[in-house]
Every structure is written in structure tokens, then in C-alpha cells.
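Chains as they are written, first to last, in our numbering: chain V, 1 to 251; chain A, 1001 to 1238.
The beta-carbon is built from N, C-alpha and C at its ideal position, and this holds for glycine as well.
All figures in this text were calculated on a predicted structure; none of them were measured in a lab.
Report on the structure given below.
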Amino acid sequence: MSRLIAAELLKLRTTRVVPGLLVASVALSVLMAALIVLLSSTSDIGGGTGGRLVLSSGGIVAGILALLLGIVTTAGEYRHGTILPTLLTNPDRLRVTVAQIVANTLAGAVLGLASVVGTAAVSFPLLASRDVAVALSAAQVTGIFVGGVCFAALSGTLGAAFGGLIRNQVVAVSAALLVLFVVEPLVTSLVDGYQRYSLTGLRVAISGGAAESAGAASGGLPPAWLAALLWTGYALALAVAAAAVGRRRDI
Amino acid sequence: MDAVIEVDSLTKRFGRTVAVDGLSFAVPRGSIVGFLGPNGSGKTTTLRTVLGLTVPTAGRAMVEGRPYAALPEPARVIGAVLDAAQFHPGRTGRDHLRVFAKAAGVSRSRVDVLLRLVGLDEAAGRRVRGYSLGMRQRLSLATALLGDPRILILDEPANGLDPQGIRWLRDFLRDRRDEGRTVLVSSHVLSEVAQVVDEVLVLHRGRLVAQGRVEELTAHPRQTLEDVFLDLTRETSR
């Protein structure tokens, strides 16, 4: 199994997709954090909610890009035909699915770590330049950063499982974006408490963001550990579906 | 007969279309077997089923007595060149081989050996999107050879190769046979196949319509493999 995972990691390292997304993730995270700090009033960003909004931006951006990375790489196996030599070398489709998921989880963690570091490196000096002290304890700040890395890693997990299930890159990416940015906000506005189970709500909970970011503050969000567990459950359900369907599929 | 590939009553349907219809044959060890048939005769579907990529509707395909998926180290048993894209265009030829060498547990030095063997050593650092069809075919062959397999399955391997490449491939296949290895080669270029194969399997509409040594099938004076092939597929079309 370890050499299969190493091969999947080598696949990720030998195209420009991962370096490109890494640069994009850090740049967008830094830009988002800087814009929030510079364009918000000091009273807004000085509170706990504002502080969470600034410091969680790295994890959230990295998570969304890690989700896309997972989809693009696993569905891309079918698009480019690399699934053929992959399965000829390792015909156990379940093991291949697991290796792809593990590799994308690790890649997501790297994206998350780089983006969180970038966010921290920009946010604290900018906040200090505006004489804003973040109203969060050291433990809360650490929780936001650790949550950001975990969220990006788990997004890689979910993306890889989803891409393996759908197999068509364009359809899978479009469906993911549609769910995240159209379906979930709509359902959240219609169903009380839905954000406790939605991908958006779990994303905010894991990455330590403010509950308002999930679209509905009332009803709150689950604790980060429970949100991570739920997110992992969603990813595992997709992975099991991908593996089950994949066993009987013609390649 | 010591058969390395055995296909037994294999049937594959895609919806209402029967691609392979109760096909049975065996490929003897240490031979080059031509797998012939018109377009849509079921050749590729059969090869993909042998390789575990297509799930049969009925029957079975075995490699050295096991289904492909049950082979413990498949890359060391069987290598395949399929008539389909199998490269990420943004990955270099060398990196493509490194990925699958790692997956197969093959040393990195084997990658360089194979790049030289197929004549891609100078182009190995270029991304595959810039490769010609012939170069991609050579890279496919190098991928198939990573585990130094005992059996090769080649689906239209001469596609895109120039005359030198075709000559090289022909000599390479003969060398493999002389080493006691087995090759199952599908092709529609009958003149090429006739020069190198020991025996042929002829498929038409998913069924086996002839099997035998080339000299047996072309026993009549001045009759070529092409004549036999056209006769067989014409008769069964009626």
C-alpha cells in the first residue's frame, strides 16, 4: 500500500497542478486576509468574530482549492487515461481509491499549512499596523490555524472521493461548486439549523470561522471535532460509493 | 499446451450490443499470437477483459491460471499497450515512467534503461503533450515493460510508428519470443502481423472464426494472410 501511495504522491508532484494551486492558495489567502484587515473598521476586526474571519481565511481558501485538487486529480485519471496503467499495475480498485484519497489528503494538508502560514504572516503585522489587538486567546488562534490545516486536508479527502465517484472532471467540479455556492446557501436560508450539517457550516466550524460565515448564526455550529468527524463521514460515504461502483465499472 | 492466457466462453454485452459472444481460446507460452479482426469485432474488448479492465457478462479470462486481479505482481507477469490515451499531457515521459515504476516496485534505473531501449532518452524530459503519436506509442511500450513481464499484450502497437520503428518493433517481438516470452498482438495491418506471428486468432462479430499457425491457414499456393482474413470475415458477414 505504501508504494501505491508514494506513486500517487509522485503523480501529484510531477504536474504543474499542485504547485499552481499552492501558489494560488497562498496568494488568495494573503489577499483575502489583507483586504479584510485593511477595508474593515478597527471595531469590526478587533472583536472575536472579526478576528476569526481574518485568521481563518487561509484555511478556508486552501480547503476550497484542495477540494478542487482532489476532484481534478482523481477524475483526471479517467480524462487522461492514466487510470489504465494505474489499474494494470495495481488491479485492486479499492486500494487505488484509498491511495488516491490518502495522497490528496496529504496534498490538502500541505496547501492548508502554506496558506495558514501565509495568512498569519500577513494578518498579524497588518493588524498591529492598525493598532488592533485580536480578541482571541492563544489557544483559540492555534485552534483556528490547526483547524484550517485539517479542513484543507479533509477537503482533499472529500474531493478525491467525489472525483473518483463522478469520473468526469467538468461535471464533478461544476457539481461541487453548485452545491457549495448555490444549493447550500439556498437550503440554509430555508431550513432552520441546516448549517449544522451543511458542508459550508462544517467548513466554518472546522476552520474556526465565525458562525455568521455559514449563512445563519442562529442554531450555531457543531464543535470543530464533531464537524471534522461529520466531514470525514461524508468523505468516507463518497469513497465507499466510489469504490463499490468502481468495482463493477468498465474502464 | 502450456497456455498463459485462457479465455473461456467469454461474453460481453454493452446494453443490447453483443461485443464478444461466447469466445474461447488459449495463447501458448513462448509464442507470438496475432489477434485479428475487423473494426468492432471485439478484439479490444477481449483484451481489456483479459486485463481486468472490463467486467465480463459471462465466462472468464485467466492469465497464468488466475484472473488478472488475482495476480500478486501483475507488472512482472503481463505488460500491455492499449490503443488509448494513458498519459497526463503535463507530465514528462521520464516522470510518467517513474510514477508507474514506483507503483510496480521497480527500480528507478530501469526507467533509464527503458527510455534508451525505446529511443526516448533524449525526449524524456519533455512533457508528453509535445510527443508525436509514435513517441507516445514508444512510451506506452516502455510502461508495459517496466516489470520485465513474461507476457505482452499489444493493441495496435504499430500505430504512429515510422518504418524504422515498425522494423524495430518486429525485431523486438522476435527477441521476446526467443527468450521464451509470450506476445498477443492485435493489429489490422495484416502484412506486418504475417511477418512476425507464429499463429493467429481471427475474430468476427465477437466470435472466433479461425485459429491456427499462419502456414496452415495460408496452405494454398499464393494465398496470403490477408486473403484468408478477408475470406473468413466476408463469409461470416453473409
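Q. Taking DSSP as the reference, what is the three-state secondary structure of Ile1153/A?
A. strand
Q | Interface residues of the segment 1139 to 1150 of chain A facing chain V [CB-CB below 7 Å] | A | Thr1143
Q: Please confirm whether Leu221/V and Ala211/V have their CB atoms less than 8 Å apart.
A: yes
Q: Compare the beta carbon distance of Gly1119/A and Arg1138/A with 8 Å and say whether it is the shorter of the two.
A: yes
Q.
Looking only at its chain, what residues have a beta carbon closer than 6 Å to the beta carbon of Ile60/V, apart from the 5 residues adjacent to it on each side?
A. Ser207
Q) According to a CB-to-CB cut-off of less than 8 Å, which residues of the segment 1050 to 1074 of chain A neighbour chain V? A) Leu1051, Gly1052, Leu1053, Thr1054, Val1055, Tyr1068, Ala1069, Leu1071 and Pro1074
Q: Work out the CA separation of Leu154/V and Arg16/V for me, nearest whole Å.
A: 22 Å
Q: Compare the C-beta of Lys1102/A with all C-beta atoms of chain V and state if any pair is closer than 8 Å.
A: yes
Q: For Arg247/V, collect the residues of the same chain with a Cβ closer than 8 Å to its Cβ; drop the 5 residues on either side in sequence, then sort them by chain order.
A: Arg93 and Leu94
Q. When the cut-off is 8 Å and only beta carbons count, does Gly1212/A lie next to chain V?
A. no
Q) If you draw a straight line from the alpha carbon of Thr142/V to that of Val117/V, how long is it in whole angstroms? A) 12 Å
Q. Rounded to the nearest angstrom, how far is the Cβ of Thr1017/A from that of Thr1057/A, given a contact under 8 Å?
A. That pair is no contact at about 11 Å.
Q. Can you give the Cα-Cα distance for Leu976/A and Leu1146/A, rounded to whole angstroms?
A. No information on residue 976/A is available, as it lies outside the stretch 1001 to 1238 that chain A covers here.
Q: Inspect the beta-carbon positions of Phe1100/A and Thr1143/A and report whether they are closer than 8 Å.
A: yes
Q: Label Ser1237/A either buried or exposed according to how many other C-beta atoms from any shown protein chain fall within 10 Å of its C-beta, with 16 as the threshold for buried.
A: Note that Ser1237/A scores 49 on pLDDT, short of 50, meaning its location in the model is unreliable and no value can be drawn from it.
Q. Three or more C-beta pairs closer than 8 Å, one from the segment 124 to 142 of chain V and one from the segment 171 to 190 of chain V: is that the case here?
A. no
Q) Taking C-alpha atoms, which residue in Arg3/V, Ala107/V and Val245/V lies nearest to Cys315/V? A) This structure gives no information on residue 315/V, because the portion of chain V shown stretches from 1 to 251.
Q: Tell me, to the nearest whole angstrom, how far the beta carbon of Arg971/A is from that of Val1209/A; I am working on the premise that it is less than 8 Å.
A: Any question about residue 971/A goes unanswered here, given that chain A covers just 1001 to 1238.
Q) Exposed or buried, which one is Pro1149/A when buried takes at least 16 other CB atoms within 10 Å? A) buried
Q.
Considering Cα atoms alone, identify which of Gly193/V, Gly112/V and Ile83/V is closest to Gln100/V.
A. Ile83/V
Q | Local Cβ density within 10 Å of Gly148/V, reported as buried at 16 or more and exposed below that | A | buried
Q. Taking just the CA atoms, how far does Val1081/A sit from Arg1098/A?
A. 17 Å
Q. Looking at Leu1152/A and Arg1176/A, is the spacing between their C-beta atoms short of 8 Å?
A. yes
Q | chain D residues whose Cβ lies nearer than 7 Å to that of Pro85/V | A | Within the model displayed, chain D is absent; protein chains V and A are what it includes.
Q) When you compare only the Cα positions, how much space is there between Asp1198/A and Thr105/V? A) 50 Å
Q: Could you spell out the range, first to last residue, of the alpha helix (DSSP H) harbouring Met1135/A?
A: Leu1133 to Ala1144
**Q.** Coil, strand or helix - Gly1090/A by DSSP
**A.** coil
**Q.** C-alpha gap between Thr232/V and Gly193/V, whole angstroms
**A.** 20 Å
Q) Does the distance from the C-beta atom of Val1055/A to that of Val1027/A stay below 8 Å? A) no
Q. Going along chain V in order, which residues have a C-beta closer than 8 Å to the C-beta of Pro1089/A?
A. His80
Q. Mind checking Asn1039/A: buried by the 16 CB within 10 Å criterion, or exposed?
A. exposed
**Q.** Within chain V, partners of Asp1095/A - CB distance below 7 Å
**A.** Thr14
Q. Which runs of the alpha helix (DSSP H) spanning at least 4 residues fall entirely within the segment 139 to 223 of chain V, listed in chain order?
A. 169 to 178, 184 to 190 and 199 to 206
Q) For Ala115/V, which of Leu136/V, Thr200/V, Ile144/V and Asn90/V has the nearest alpha-carbon? A) The amino acid occupying residue 115/V in the given sequence is Ser; Ala does not appear at that position. Considering only alpha carbons, the answer is Ile144/V.
(Q) One question on the structure: do Leu21/V and Ala103/V come within less than 8 Å of each other, judged by their Cβ atoms? (A) no
Q: Could you name the residues of chain V that Ala1080/A contacts, counting a contact when the two beta carbons are closer than 7 Å?
A: Leu88
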